[in-house]
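Residue numbers (the working numbering): 86 to 294.
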């Protein structure tokens, strides 16, 4: 999983940088404290969806709360990745040997893209989890138990089929990191969802008042 590999690399880099800062800093000033805090805290935002998954697993939460937690952790990850890319860009400019700092900058920028890519999909008002059986016959098959869908009533719906680990999978807006999914569009899925919504509305209307 690319996402976890990048997170692990950046955590190792942060630990290395923290030890270097501890050994080279002659005195603890405001700049040193700020840099140390950033080195410690920013990598934690990258694994916020993982930490939130452990927290939600032991608590009974509503679907709405799970959605809010999932999207919030993804925003935190995106912000942390952007800040880390800026931090390592600054350190790369200062350092004589820039190889590892350039790698950390690239990894942070790639993580920012991964989080942004997920947020672009799940922040849609009609994003939800759906069963692959809603795909039409002859369309690409999804062998996962559930798939992420952006529903469009009058156009083909976008879908993403997980091929790896799904984080915050209990919510309807999980974190499905690139490139661990296959994606496509399905008009038949839109028609099937329209039929389900219509059936539910008719069933609700027939209930006695």
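A virtual CB, placed ideally from N, CA and C, is assigned to each residue, including glycine.
Tell me which same chain residues have a C-beta within less than 6 Å of the C-beta of residue 174, skipping the five on either side of it?
Along the chain shown, read from residue 1 onward, the residue named residue 174 stands at position 89. Answer for residue 174: 190, listed in chain order.
Tell me whether the beta-carbon of residue 131 lies closer than 8 Å to the beta-carbon of residue 168.
Taking the first residue of the chain shown as 1, we reach residue 131 at position 46. Taking the first residue of the chain shown as 1, we reach residue 168 at position 83. Against a cut-off of 8 Å, the Cβ pair of residue 168 and residue 131 comes out as no contact.
Boundaries (first-last residue) of the beta strand (DSSP E) holding residue 215
Looking up residue 215 in the chain shown gives position 130. Per DSSP, residue 215 belongs to the beta strand (DSSP E) from 212-215.
Euclidean distance between Cα positions of residue 148 and residue 257:
Taking the first residue of the chain shown as 1, we reach residue 148 at position 63. Taking the first residue of the chain shown as 1, we reach residue 257 at position 172. Each residue's alpha carbon lies about 7 Å from the other.
State the Cα-Cα distance for the pair residue 192 and residue 95, rounded to the nearest angstrom.
Stepping through the chain shown from its first residue, residue 192 is reached at position 107. Stepping through the chain shown from its first residue, residue 95 is reached at position 10. Spanning the two alpha carbons is a distance of roughly 7 Å.
Leaving aside the five residues before and after residue 161 along the sequence, list all residues of the same chain whose C-beta is less than 7 Å from its C-beta, in chain order.
Against the chain shown, residue 161 aligns to sequence position 76. The answer, listed in chain order, is 130 and 133.
Could you tell me how far apart the beta carbons of residue 184 and residue 245 are, in whole angstroms, since I believe they sit closer than 8 Å?
Here the question's residue 184 lines up with position 99 in the chain shown. Here the question's residue 245 lines up with position 160 in the chain shown. In fact, because the Cβ distance is near 35 Å, the residues do not count as touching under 8 Å.
If residue 225 sits next to residue 273, beta carbons under 8 Å apart, how far is it from one beta carbon to the other, in whole angstroms?
Residue mapping note: residue 225 aligns to position 140 of the chain shown, counting from 1. Residue mapping note: residue 273 aligns to position 188 of the chain shown, counting from 1. Rounded, the Cβ-Cβ distance is 11 Å, inconsistent with contact.
Consult DSSP for residue 226 and reduce its assignment to one of helix, strand or coil.
What you label residue 226 is simply residue 141 of the chain shown in a count that begins at 1. Correct three-state label for residue 226: coil.
CA-to-CA distance, residue 155 to residue 235, given in whole angstroms
To locate residue 235, count along the chain shown from 1; it is residue 150. To locate residue 155, count along the chain shown from 1; it is residue 70. If you take the alpha carbons of residue 235 and residue 155, they lie about 16 Å apart.
Between which two residues does the beta strand (DSSP E) harbouring residue 233 extend?
Numbered from its first residue, the chain shown carries residue 233 at position 148. 232-235 is the span of the beta strand (DSSP E), which, as asked, contains residue 233.
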